[in-house]
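Counting in the numbering used here, the sequence shown runs from 97 upward without gaps.
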Amino acid sequence: CLVLFSGGKDSTYMLYQLVTLGLKPLAVTLDNGYVSEGAKENVDRAVRGLKVDHRYLATPYMDDIFADSLGRFSNVCQGCFKTIYTLSTNLAHELGVSHIFTGLSRGQIFETRLHDLFRHRIFDVETIEKQIIEARKVYHRVDDAVSKALDVGLFQDNELFTKIHFVDFYRYVDVPLSEVYRFLSEQAPWVRPSDTGRSTNCLINDLGIHVHKKERGFHNYALPYSWDVRLGHKTRAEALDELNDEIDVRRVEEIQTKVGYSSQSDSVSKPQELVAYYTAADGVSTESIVEYLEQRLPRELVPNRFVWVEAFPLAANGKIDDGQLVALGANDANEIEAPATDLEERVLEIWQTVLGSIRIGVDQDFFSVGGHSLPAIQVLARVNENFGLDMPITFLLEGPTVRSMAAEVERQIMLQIEAMSDEEVARQLGSNSP
Numbered sequence: 097c098l099v100l101f102s103g104g105k106d107s108t109y110m111l112y113q114l115v116t117l118g119l120k121p122l123a124v125t126l127d128n129g130y131v132s133e134g135a136k137e138n139v140d141r142a143v144r145g146l147k148v149d150h151r152y153l154a155t156p157y158m159d160d161i162f163a164d165s166l167g168r169f170s171n172v173c174q175g176c177f178k179t180i181y182t183l184s185t186n187l188a189h190e191l192g193v194s195h196i197f198t199g200l201s202r203g204q205i206f207e208t209r210l211h212d213l214f215r216h217r218i219f220d221v222e223t224i225e226k227q228i229i230e231a232r233k234v235y236h237r238v239d240d241a242v243s244k245a246l247d248v249g250l251f252q253d254n255e256l257f258t259k260i261h262f263v264d265f266y267r268y269v270d271v272p273l274s275e276v277y278r279f280l281s282e283q284a285p286w287v288r289p290s291d292t293g294r295s296t297n298c299l300i301n302d303l304g305i306h307v308h309k310k311e312r313g314f315h316n317y318a319l320p321y322s323w324d325v326r327l328g329h330k331t332r333a334e335a336l337d338e339l340n341d342e343i344d345v346r347r348v349e350e351i352q353t354k355v356g357y358s359s360q361s362d363s364v365s366k367p368q369e370l371v372a373y374y375t376a377a378d379g380v381s382t383e384s385i386v387e388y389l390e391q392r393l394p395r396e397l398v399p400n401r402f403v404w405v406e407a408f409p410l411a412a413n414g415k416i417d418d419g420q421l422v423a424l425g426a427n428d429a430n431e432i433e434a435p436a437t438d439l440e441e442r443v444l445e446i447w448q449t450v451l452g453s454i455r456i457g458v459d460q461d462f463f464s465v466g467g468h469s470l471p472a473i474q475v476l477a478r479v480n481e482n483f484g485l486d487m488p489i490t491f492l493l494e495g496p497t498v499r500s501m502a503a504e505v506e507r508q509i510m511l512q513i514e515a516m517s518d519e520e521v522a523r524q525l526g527s528n529s530p
């Protein structure tokens with residue numbers, strides 16, 4: 097097997113346990129150009145002590161990948177994860193290895209989006225595994241910096257996803273943080289890196305933490321750590337302690353300049369405007385809101401644009417999702433186009449049910465309005481069920497808008513009708529005459 101090995105506490109514990117089980121792993125580490133020296137020393141000590149083979153994997157395009165990840169997710173971790181998943185899958189295919197173990201994050205319930213499946217009341221293990229494989233297909237086929245910089249041709253083959261299996265170690269091994277630390281202190285030559293923050297082995301991760309706090313208002317590890325607490329892997333105090341990073345802002349800004357990312361909150365290329373988001377019953381005009389505010393606020397504090405939302409979008413922590421609000425505001429500014437046909441309206445209703453009650457235009461990209469891999473599967477499943485079709489998940493990548501999906505649904509229905517006899521058509525339409 098391959099083991100994704102960052103040298104952090106969780107992946108080190110995982111590597112030792114796998115060797116104890118009798119496996120012969122090839123440990124692979126992503127050298128993204130910012131791995132701390134302390135982390136590299138941990139990697140070298142562990143693989144030397146366990147006598148396992150080890151390779152560093154790298155790409156010269158990491159800065160582009162980091163900038164893209166910051167733009168999409170306000171963190172650098174997503175770019176790193178996808179890079180190591182892509183490089184390791186290619187290596188596994190080359191070596192004929194069928195299993196890749198990952199223990200890079202403890203919050204696997206969050207990281208694998210299992211909570212999305214639970215929210216839709218999907219609890220059957222076999223169904224969950226199939227959904228995760230479908231999600232991996234979408235994940236690896238999204239057009240992003242990784243797909244442009246790395247060889248992703250392998251992921252176009254559907255059989256790859258059943259030939260090479262990712263095993264999330266901490267979905268199967270339930271161990272509290274205190275036990276991980278006890279094991280490492282007594283049985284492994286692991287030392288907390290002194291040249292980086294507590295929650296990372298990577299010097300650039302401070303940039304991701306800094307940008308995420310700035311753009312989204314909370315630490316980017318807060319959500320996965322919350323699952324660790326809920327599952328009993330660590331206490332709330334331990335989680336808060338790990339989130340208590342000291343950020344060297346000057347060094348972070350230097351790295352930000354190097355990777356070429358301009359923070360959304362720092363941008364001065366667009367004119368500044370104060371936007372108000374509101375929910376209200378029918379009949380409330382923006383003019384009446386402006387009049388009300390002008391009586392109570394200085395004129396410069398009265399918003400110059402108002403965006404109506406059916407309901408405020410919430411993040412997983414229960415707070416208002418600022419990122420989605422910004423997207424809704426951009427959508428409103430571009431005059432969201434309403435459905436033109438009954439079919440488009442039915443498809444739009446499915447999107448809104450899966451993604452939540454948000455305004456979506458028929459020409460908006462699925463992934464720009466809060467969609468990701470598992471909601472994509474839910475949308476396709478509901479569309480197929482509603483219209484009696486069997487469209488593959490790849491369709492949503494090729495035509496990720498309500499309009500294009502409705503057009504394909506219509507095309508698929510017409511193909512089915514053309515293949516029917518006159519009697520079958522009449523029966524489907526509930527008519528006695530051909």
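Quick reminder that beta carbons are idealized off the backbone N, C-alpha and C, glycines included. These figures come from a predicted structure and were not determined experimentally.
Chain-order list of residues whose beta-carbon lies under 6 angstroms from that of residue i (same chain, five-residue window excluded)
i	result
ASN138	GLY103, TRP286
VAL505	PHE483
ILE343	ASP302, HIS306
PRO435	GLU441, LEU444, VAL458
ARG141	PRO285
ASN171	GLY304, HIS308, ASN316
LYS366	Residue placement at LYS366 is poorly supported in this model, since its pLDDT is 43, which falls under 50; the coordinates still yield a value, given next. None.
VAL355	ASP159, PHE162, ALA163
Nearest-angstrom beta carbon gap, residue j and residue i [assumed within contact, 8 angstroms]
i	j	result
PHE279	TYR109	6 angstroms
ALA372	LEU339	The Cβ separation is near 32 angstroms, so there is no contact.
ASP164	ASP240	6 angstroms
ASN297	VAL131	6 angstroms
VAL475	ILE446	6 angstroms
LEU153	LEU183	4 angstroms
ALA333	TYR321	That belief does not hold up - the Cβ atoms of ALA333 and TYR321 are roughly 12 angstroms apart, past 8 angstroms.
Assigned secondary structure, residue i (DSSP; H/G/I helix, E/B strand, else coil)
i	result
ASP253	coil
ILE300	coil
ASP220	coil
ASP149	strand
ARG401	strand
PRO530	Only weak support exists for where PRO530 lies, its pLDDT of 41 falling under 50; the value from the coordinates is given anyway. Here PRO530 sits in coil by DSSP.
LEU410	strand
VAL475	helix
ILE196	strand
VAL99	strand
VAL124	strand
TYR130	coil
TYR534	It is not possible to answer for residue 534, since the shown part of the chain is limited to 97 through 530.
SER322	helix
ASN430	Because ASN430 carries a pLDDT of 49, less than 50, the predicted location of this residue cannot be relied on, and no value is offered for it.
TYR374	strand
ASP264	strand
ILE489	coil
ILE416	strand
7 angstroms CB neighbourhood of residue i in its chain, flanking five on each side removed
i	result
ALA245	THR155, TYR157, ASP160, ILE161
ASN480	ASP486, MET487
ALA188	LEU98, ILE196, ILE260
VAL398	VAL386, LEU389, GLU390
SER194	LYS259, ILE260, HIS261
ILE351	ILE300, LEU303
GLY419	ARG312
LEU273	HIS329, LYS330, GLU334
Option nearest residue i by Cα separation, candidates the options
i	options	result
LEU98	LEU492, VAL242, VAL348, ASP264	ASP264
ARG237	ILE228, ASP247, LYS226, PHE251	PHE251
ALA135	PRO121, LEU117, ASP106	ASP106
LEU421	GLN448, PHE463, TYR374	TYR374
GLY167	GLU311, GLY467, TYR321	GLU311
TYR266	ILE456, ALA502, ASP324	ASP324
ARG478	GLU275, VAL450, PRO496	VAL450
GLY313	ASN413, VAL148, ASP270, GLY328	ASN413
Exposure label - residue i; buried when at least 16 CB within 10 Å
i	result
LEU370	exposed
ARG326	exposed
GLU255	exposed
PHE101	buried
LEU410	exposed
ASN128	buried
TYR268	exposed
LYS233	buried
GLN174	buried
ILE489	buried
ARG499	buried
ALA376	exposed
ASP337	exposed
Own chain partners of residue i with C-beta closer than 8 angstroms, once the 5 adjacent residues on each side are dropped
i	result
VAL348	ASP302, LEU303, HIS306
ILE218	ILE224, GLN227
TYR112	ALA142, LEU146, PHE279, GLN283, ALA284
LEU492	VAL234, PHE462, ALA472, VAL475, LEU476, MET501
THR497	VAL458, ASP459, GLN460, ASP461, PHE462
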